[in-house]
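Per the working numbering, residue -3 is the first one in the sequence shown, and the count goes up by one each step. Ideal Cβ placement from N, Cα and C applies to all residues, glycine included. Because the structure is a prediction, the values reported are computed rather than measured. Okay, so here's the structure we're looking at.
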Amino acid sequence: MNYGQKGPSLELQRQINDSIASRSRSNRGTSALDDAGENKEEAGIPPAGAQFEYLDHPADVILHSWGVDLPQSLSNLAVCMFGYMTSIDSITINNAQSSEHGTNLTAQGHDMHSLIYSFLDEWLFNFHDSGFVPKEVEVSQFCRDVWRIVSSGKGEIMDIQRHPQGTEVKAITYSGMRVEEKEGRCDVFVVVDI
């Protein structure tokens, strides 16, 4: 990752922060109606068929994802995190932006929990640096022997005119982090600071 990349403009970041701050925590995770009275997409609601959900926590939110194995569950976990910040259904795939901002993000740890933490933290840093939101994430390399993950995502840079603003994820935590692996299914639970 190139940490010297220029991130979103200060004005865009201010607009995102203002929009997030204006949302009441009391309506978090509810659907909204547009001017025609029809449901519109909102952050914090998993799209149909998603392999993730949001669980209540006294002060934060628990991201819960699942898949047939750990790499798939981690892919779903990253999308889950971004789905709390904006509606995943509102994100389109821009190949140029995906190639520039969502390719080969590498995370390293010293055990399973530090690897998961690092993986989500790299994606969160990438968002804060570039504004890029992946609609899909694929783990291309997962090495338990050296605790390393390489992943790529397809999506686009967040545009507050088109993408609903959800709740900002401030940080990843180790609190309550757990991985449940069994034959044919893996569940991951991570608390994020909002």
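Residue i burial status per 10 Å Cβ neighbour count (16 or more: buried)
i: THR102; result: exposed
i: GLN137; result: exposed
i: TYR170; result: exposed
i: VAL135; result: buried
i: GLU179; result: exposed
Sequence-distant residues of the same chain with beta carbon closer than 7 Å to residue i, five excluded per side
i: ASP114; result: Note on identity: in this sequence residue 114 is Ser, with Asp being the wrong assignment. For SER114, where only same-chain residues beyond five positions count, the Cβ hits under 7 Å are ALA103, GLN104 and GLY105.
i: SER69; result: SER61, TRP62, GLY63, CYS182, ASP183 and VAL184
Beta-carbon proximity check, residue i vs residue j, cutoff 9 Å
i: PRO130; j: GLY151; result: yes
i: VAL85; j: PRO43; result: Per the sequence shown, residue 85 should be read as Asp rather than Val. Yes.
i: ALA46; j: GLY79; result: yes
i: MET81; j: LEU59; result: no
i: ILE168; j: LEU120; result: yes
i: HIS97; j: PHE48; result: no
CB contact check: residue i to chain C, cutoff 9 Å
i: HIS97; result: Considering every chain present, this structure includes no chain C. It has just one protein chain.
DSSP beta-bridge partners of residue i
i: TYR191; result: The question about residue 191 has no answer, for the chain in this structure spans -3 to 190.
i: PRO130; result: GLY151
C-alpha gap between residue i and residue j, whole angstroms
i: MET154; j: ARG181; result: 32 Å
i: GLU176; j: GLY63; result: 11 Å
i: ASP183; j: SER94; result: 27 Å
i: ARG144; j: TYR50; result: 26 Å
i: HIS109; j: ILE156; result: 33 Å
i: HIS159; j: SER83; result: 7 Å
i: LYS166; j: VAL188; result: 7 Å
Close Cβ partners of residue i (< 6 Å) along its chain, the five nearest in sequence each way excluded
i: VAL133; result: SER71, ALA74, VAL75, SER147 and GLY149
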